[in-house]
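Position one of the sequence shown corresponds to residue 0 (numbering that gives the first Met the number 0), numbered consecutively onward. Structure record follows, encoded as structure tokens.
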Amino acid sequence: MIERQGFSMLKLVLILMMLLCVTTVKAVENRNYTAELVEIEKTLLNDLPASRERLELIGQHKDNFSVKEKQHHQLLNAHLLFMMNDVDNAQVSLEDLASNTLSPDYDARKQMLLSAIYHHRGESVKAFMAVDRSLNLIEKLNSNRYKSKILIGAVGIYKDADLIEFALEYGRRAINLANESKDAETMCLASYEMGTIELLTKNYKMAENRLLTAKGYCDKEKIVIASYAIEYSLMQLNIETGKVDSAETIAKDLHSKVEIYGWDVLRSATKTLYGRLLLNKGELELAKNFGEAGYQIAKKVKDKKRIEKAAALLAEVYTELKDNDKAVNYYKEYMELNVQNKVRIRQRKLAFDIARRKQFDE
0 MIERQGFSML KLVLILMMLL CVTTVKAVEN RNYTAELVEI EKTLLNDLPA
50 SRERLELIGQ HKDNFSVKEK QHHQLLNAHL LFMMNDVDNA QVSLEDLASN
100 TLSPDYDARK QMLLSAIYHH RGESVKAFMA VDRSLNLIEK LNSNRYKSKI
150 LIGAVGIYKD ADLIEFALEY GRRAINLANE SKDAETMCLA SYEMGTIELL
200 TKNYKMAENR LLTAKGYCDK EKIVIASYAI EYSLMQLNIE TGKVDSAETI
250 AKDLHSKVEI YGWDVLRSAT KTLYGRLLLN KGELELAKNF GEAGYQIAKK
300 VKDKKRIEKA AALLAEVYTE LKDNDKAVNY YKEYMELNVQ NKVRIRQRKL
350 AFDIARRKQF DE
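Okay, structure coming up:
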């Protein structure tokens, strides 16, 4: 009797274990990868190594992904590759996604990421055509978050091409969208872009208002990369308006945070701007060290805009240090890049017209 009870108990345990296994398998099969990918996307740029690890971990379950989840994962991975300076693989990954297989949301996101890559490579016609394709999809998008990213991405591209009127137009549209949807993230990013336009045009009071508004939203939403970019712009504003102490307070805090974050473009820009501040204070050796560090990082990632700014700073620093040979060499490099940049701006404006004509012809 006892043996039979023991056998019955053993059968019961085995049945329960089998049920547990079935339930566990079913739970794995029913895992909500879509929700997980959305959560990863929300904080994708807050911590680049951590995001890469999360994408790699969820990517181990690709066989269980739907087609849409695979596309989403590929888009996020491409964006991360671009931010981590693996531009070639980012471009290949995006171009591998056929637009006719994507939803309007994913296709618009793909086009805007490609526009950033083409812009980075100096392929201006391709960049503007990709921007136009993404903007033309806006009315078909279901995600307000994607709508805002498309608008804000367009602001950045047009601003860099010195097409300020277009940048302002899409910046205002992004702010209107943020007000309609009560979306703090969009308000953060749109206010930041509008603030940088005001800073570019030397409208300092409006720039400060925009940037401080953006900072409030970005800090609240914990949008790390945007918060750092805003602090950088506020540092630049304070340098340009002669508020050295305020600029230095920002610089000391920002520099260490940017180093930890690790995005080379922002690392280079921050070091060079810090060097500019130190030059203004007469601290020449420190200015030289920061300028050289910013220059070397910009060289590594082949960022001509950042190389130009660092070379301009170093030309001034070495002039003050009475090292004329180095001053002349850096000045020559600065002038060469400055001329190239002015040519690129003219080419971008021409490319914009060409891209628009091609878009109408399609």
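Where a beta carbon is used, it is the ideal one built from N, C-alpha and C, also for glycine.
**Item:** Alpha carbon of M186 to alpha carbon of D161, nearest angstrom
**Value:** 23 Å
**Request:** Report yes if the C-beta distance between L188 and A129 is below 8 Å; otherwise report no.
**Result:** no
**Message:** If I measure Cβ to Cβ from D324 and keep anything under 7 Å in the same chain, skipping five residues before and after, which residues do I get?
**Reply:** none
**Item:** C-beta atoms of K303 and L349 nearer than 8 Å
**Value:** no
**Request:** Work out the CA separation of I196 and E207 for me, nearest whole Å.
**Result:** 11 Å
**Prompt:** DSSP on S102, reduced to helix/strand/coil?
**Reply:** Per DSSP, reduced to three states, the secondary structure at S102 is coil, with no helix or strand assignment.
**Item:** Ordered list of beta strand (DSSP E) runs contained in the segment 50-138, each at least 3 residues
**Value:** none
**Request:** Could you tell me the distance, in whole angstroms, from the CA atom of M82 to the CA atom of L47?
**Result:** 8 Å
**Request:** Taking only the alpha-carbon atoms, compute the straight-line gap between R51 and N76 and give it to the nearest angstrom.
**Result:** The alpha-carbon atoms of R51 and N76 are separated by roughly 8 Å.
**Asked** Candidates E35, H119, G274: which alpha carbon is nearest V300's?
**Response** H119
**Message:** Tell me the DSSP secondary structure of I296 in three-state form.
**Reply:** helix
**Message:** Contact between the segment 177-184 and the segment 150-169 is defined here as three or more beta-carbon pairs at a separation below 8 Å; is this criterion met?
**Reply:** At 8 Å Cβ cutoff, the stretches do not touch.
**Nearest-angstrom Cα separation, counted from D87 out to L167** = 31 Å
**Request:** Leaving out five residues on either side along the sequence, give the residues of the same chain with a beta carbon under 7 Å from the beta carbon of G194.
**Result:** Around G194: A206, R209, L210, A213, S232.
**Message:** Just to confirm the assignment, what range does the alpha helix (DSSP H) spanning S142 have?
**Reply:** No alpha helix (DSSP H) holds S142; DSSP gives it neither H nor E.
**Message:** Considering just the uninterrupted stretch of the alpha helix (DSSP H) at E403, what are its terminal residues?
**Reply:** As shown, the chain starts at 0 and ends at 361. That puts residue 403 outside it, with no answer to give.
**Asked** Taking Cβ to Cβ, would you say V243 is nearer than 8 Å to L276?
**Response** yes
**Chain-order list of residues whose beta-carbon lies under 7 Å from that of E258 (same chain, five-residue window excluded)** = Answer for E258: R266, listed in chain order.
**DSSP-derived helix/strand/coil call for G241** = Coil at G241, not helix or strand.
**Pairwise C-alpha distance: A309 and I353** = 32 Å
**Message:** With a threshold of 7 Å on Cβ separation, who are the neighbours of L79 within its own chain once the five nearest residues in sequence on each side are excluded?
**Reply:** L43, L47, S50, R51, L54
**Item:** Residue from L101, G170, R30, H254 with nearest C-alpha to K139
**Value:** Closest by alpha carbon: L101.
**Item:** Cβ-based neighbour list, Y113, same chain, cut-off 6 Å, excluding 5 preceding and 5 following
**Value:** Note that residue 113 is Leu in the sequence shown here, rather than Tyr. L93, A129, listed in sequence order.
**Message:** If distances are taken between C-alpha atoms only, which option among L320, I296, G290 comes closest to A311?
**Reply:** G290
**Prompt:** With C-beta atoms as the reference, is L150 less than 8 Å away from L176?
**Reply:** yes
**Request:** Give the DSSP-derived three-state secondary structure of I151 in the structure shown.
**Result:** Of the three classes helix, strand and coil, the one that applies to I151 here is helix, per DSSP.
**Message:** Give me, in chain order, the residues of the same chain whose beta-carbon lies closer than 6 Å to that of Q90; leave out the 5 immediate sequence neighbours on both sides.
**Reply:** I116
**Message:** Taking the straight line between their C-alpha atoms, what separation do you get for K341 and K158?
**Reply:** The C-alpha of K341 lies about 14 Å from the C-alpha of K158.
**Request:** Would you check if the distance between the CB atom of T271 and the CB atom of G241 is smaller than 8 Å?
**Result:** no
**Item:** Burial state of S65 (16 or more Cβ within 10 Å)
**Value:** exposed
**Terminal residues of the alpha helix (DSSP H) in which N178 lies** = 163-180
**Request:** Let me know the secondary structure DSSP gives G261 once reduced to three states.
**Result:** coil
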